[in-house]
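Q:
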Amino acid sequence: MTSSQTSKKKGRVFSGARPTGRQHLGNYLGAIQNFVALQENYDCIHCIVDLHALTTMDSTEDLRQNSYEMALDWLAAGIRPEDSIIFIQSHVPEVTELHTILSMVTPLGKLTDLPTFKEKARQQPHNVNYGLVGYPVLMTADIVLYKADTVPVGIDQAPHLEFAREVVRSFNYRYNTNVLIEPQMKATEMPKVIGIDGQQKMSKSLNNHIEMASTPEETQARVMQMVTDPARIRRTDPGDPDVCNVFSLHKNFSSPEEIEMVNLECRRAGIGCVQCKQLLARNLNTSLEPFRARRTEFAQKPEGVWEILRDGAERAQVIAKKTMAEVREAVGLP
Ligand code: SF4
Numbered sequence: 000m001t002s003s004q005t006s007k008k009k010g011r012v013f014s015g016a017r018p019t020g021r022q023h024l025g026n027y028l029g030a031i032q033n034f035v036a037l038q039e040n041y042d043c044i045h046c047i048v049d050l051h052a053l054t055t056m057d058s059t060e061d062l063r064q065n066s067y068e069m070a071l072d073w074l075a076a077g078i079r080p081e082d083s084i085i086f087i088q089s090h091v092p093e094v095t096e097l098h099t100i101l102s103m104v105t106p107l108g109k110l111t112d113l114p115t116f117k118e119k120a121r122q123q124p125h126n127v128n129y130g131l132v133g134y135p136v137l138m139t140a141d142i143v144l145y146k147a148d149t150v151p152v153g154i155d156q157a158p159h160l161e162f163a164r165e166v167v168r169s170f171n172y173r174y175n176t177n178v179l180i181e182p183q184m185k186a187t188e189m190p191k192v193i194g195i196d197g198q199q200k201m202s203k204s205l206n207n208h209i210e211m212a213s214t215p216e217e218t219q220a221r222v223m224q225m226v227t228d229p230a231r232i233r234r235t236d237p238g239d240p241d242v243c244n245v246f247s248l249h250k251n252f253s254s255p256e257e258i259e260m261v262n263l264e265c266r267r268a269g270i271g272c273v274q275c276k277q278l279l280a281r282n283l284n285t286s287l288e289p290f291r292a293r294r295t296e297f298a299q300k301p302e303g304v305w306e307i308l309r310d311g312a313e314r315a316q317v318i319a320k321k322t323m324a325e326v327r328e329a330v331g332l333p
């Protein structure tokens with residue numbers, strides 16, 4: 000895309016995600032497909048936030064590989080490096096400088112009062128580190144360093160963005176400037192995808208996930224393990240698709256006719272759960288086929304993926320350096 004085409008876009012989007020390695024259907028339906036769609040109308044900056052990951056990690060041995068695998072999935076899913084910037088957070092160290100400067104205008108009490116901090120401190124009482132407290136400040140630095148005006152977040156993330164906006168206001172007020180932009184929330188429908196256990200949000204750590212990059216056979220096996228309507232015990236019992244996670248996935252991966260058929264036949268026991276899952280597995284594999292083919296192509300040249308990430312970091316750093324020059328000037332650093 001040419002720069003003139005780019006300039007017609009509505010604004011600049013920033014999104015960050017921790018390097019969790021191979022992505023699953025929850026990541027795809029909840030975020031990645033939205034990232035891909037946003038490229039049409041926005042300048043998009045997608046960041047793999049490895050520094051954020053350090054706040055909760057006991058071991059970093061998989062950090063590099065997980066960052067690579069995640070980039071591979073994003074690229075294979077359709078994030079276009081020629082249109083969007085995709086990079087690794089720590090490759091643009093200016094973010095840590097901005098984090099330090101923004102931390103001076105952030106009251107400590109506000110950070111320790113945040114429900115997310117309290118929750119994390121509960122989850123890892125052995126490791127309530129300084130980075131964990133400052134996490135929202137680093138997140139603010141991520142967004143404002145690149146002058147992103149739009150941040151796509153689910154409604155549950157709204158308080159985080161409001162926090163970022165407050166930090167920006169404090170900075171601009173303290174230094175009597177307007178160099179930092181208050182990001183706007185782009186409320187996005189981010190469906191909560193339930194795992195194969197039928198209960199909890201799909202997550203790698205709970206091992207209730209279906210990886211996008213799995214083989215068709217692995218995908219089929221995972222789908223067959225899915226928990227269905229718990230009240231449907233025998234094949235002859237009518238089921239309720241509205242409480243069945245298999246049906247939720249059908250809604251994303253099956254044709255309207257198939258969705259209608261399952262909705263009807265499940266309720267009158269006209270279809271069994273095994274057959275219903277086989278249909279879902281087939282449709283899932285068909286939908287993921289182009290993604291998997293592209294992933295294989297990218298994976299054949301790992302150096303090419305690292306090159307894309309390095310190039311993304313270089314482009315991101317051009318913006319970052321400019322912002323930091325303005326910030327240093329505004330603060331009055333000698
Ligand atoms: S038939 Fe399908 S939708 Fe109905 S309970 Fe079984 S798996 Fe769920």
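Numbering that gives the first Met the number 0 numbers the first residue of the sequence shown as 0 and each following residue consecutively. Just so it is clear, CB atoms sit at the ideal spot from N, CA and C, and this is done for glycine as well. Every value quoted in this text rests on a predicted model; they were computed, and no experiment measured them.
Check the C-beta distance from F13 over to V150 and give it rounded, since I have them as a contact under 8 Å.
A: Numbered from its first residue, the sequence shown carries residue 13 at position 14. Numbered from its first residue, the sequence shown carries residue 150 at position 151. Right, the Cβ-Cβ distance comes to about 6 Å (below 8 Å), so this counts as a contact.
Q: Determine the closest residue to V35 out of A75, R231, T59 and Q277, with distance taken between C-alpha atoms.
A: Here residue 35 corresponds to residue number 36 of the sequence shown, with the count starting at 1. Comparing Cα positions, the closest option is A75.
Q: Whole angstroms are fine: how far does the CA of P301 sit from the CA of S286?
A: Within the sequence shown, numbered from 1, the residue matching residue 286 stands at position 287. Within the sequence shown, numbered from 1, the residue matching residue 301 stands at position 302. Taking the straight line from one Cα to the other gives about 24 Å.
Q: With distances taken from CA atoms, which of L279, N177, Q274 and D72 is nearest S253?
A: Reading the sequence shown from its first residue, position 254 is the one you call residue 253. When each option's Cα is compared against that of S253, the closest is L279.
Q: Any chance you could list the beta strand (DSSP E) runs of at least 3 consecutive residues sitting entirely within the segment 170–255, in chain order?
A: Whole beta strand (DSSP E) segments, 3+ residues: 183–186.
Q: Rounded to a whole number of angstroms, what is the C-alpha to C-alpha distance between T19 and E264?
A: The count along the sequence shown starts at 1 and reaches residue 19 at position 20. The count along the sequence shown starts at 1 and reaches residue 264 at position 265. Approximately 38 Å, taken between the alpha carbons.
Q: Take N251 and list the residues in its own chain whose beta-carbon comes closer than 7 Å to its own, dropping the five residues that flank it on each side.
A: Translated into positions along the sequence shown, residue 251 becomes position 252. The residues are L28.
Q: When you compare only the Cα positions, how much space is there between A120 and P237?
A: Start at 1 with the first residue of the sequence shown, and residue 120 comes out as number 121. Start at 1 with the first residue of the sequence shown, and residue 237 comes out as number 238. C-alpha separation (whole angstroms): 45 Å.
Q: How long is the line joining the alpha carbons of T176 and A329, rounded to whole angstroms?
A: Numbered from its first residue, the sequence shown carries residue 176 at position 177. Numbered from its first residue, the sequence shown carries residue 329 at position 330. So the alpha carbons of these two residues sit roughly 6 Å apart.
Q: Any chance the CB of F246 is under 7 Å from a heavy atom of ligand 1?
A: What you label residue 246 is simply residue 247 of the sequence shown in a count that begins at 1. Yes; taking the cut-off as 7 Å, the Cβ of F246 has a heavy atom of ligand 1 nearer than that.
Q: So if DSSP puts T149 in a beta bridge, which residue, or which two residues, is it bridged to?
A: If you number the sequence shown from 1, residue 149 lands on position 150. T149 is bridged to V12 and Q183.
Q: Can E210 and R21 be called in contact, C-beta distance under 8 Å?
A: In the sequence shown, the residue the question calls residue 210 occupies position 211. In the sequence shown, the residue the question calls residue 21 occupies position 22. Yes, the pair counts as a contact, with Cβ atoms nearer than the cut-off.
Q: Distance check for Y41 and K9, CA to CA, integer angstroms please.
A: On the sequence shown, residue 9 is found 10 positions in, with the first residue counted as 1. On the sequence shown, residue 41 is found 42 positions in, with the first residue counted as 1. Approximately 5 Å, taken between the alpha carbons.
Q: I believe T227 touches C272 by the beta-carbon criterion, under 8 Å. Please report the beta-carbon distance rounded to the nearest angstrom.
A: Taking the sequence shown and counting its residues from 1, the one referred to as residue 227 is at position 228. Taking the sequence shown and counting its residues from 1, the one referred to as residue 272 is at position 273. Yes, they are in contact, since the Cβ atoms of T227 and C272 sit about 5 Å apart, within 8 Å.
Q: So, at 8 Å on beta carbons, what are the nonlocal neighbours of M69 in its own chain, with the 5 sequence-adjacent residues on each side left out?
A: By 1-based counting over the sequence shown, the position of residue 69 is 70. Closer than 8 Å at Cβ, skipping near neighbours: A16, P18, T19, G20, R21, Q22 and I47.
Q: When every heavy atom of ligand 1 is checked, does at least one fall within less than 7 Å of the C-beta of D228?
A: Here residue 228 corresponds to residue number 229 of the sequence shown, with the count starting at 1. Checking the Cβ of D228 against ligand 1 gives yes.
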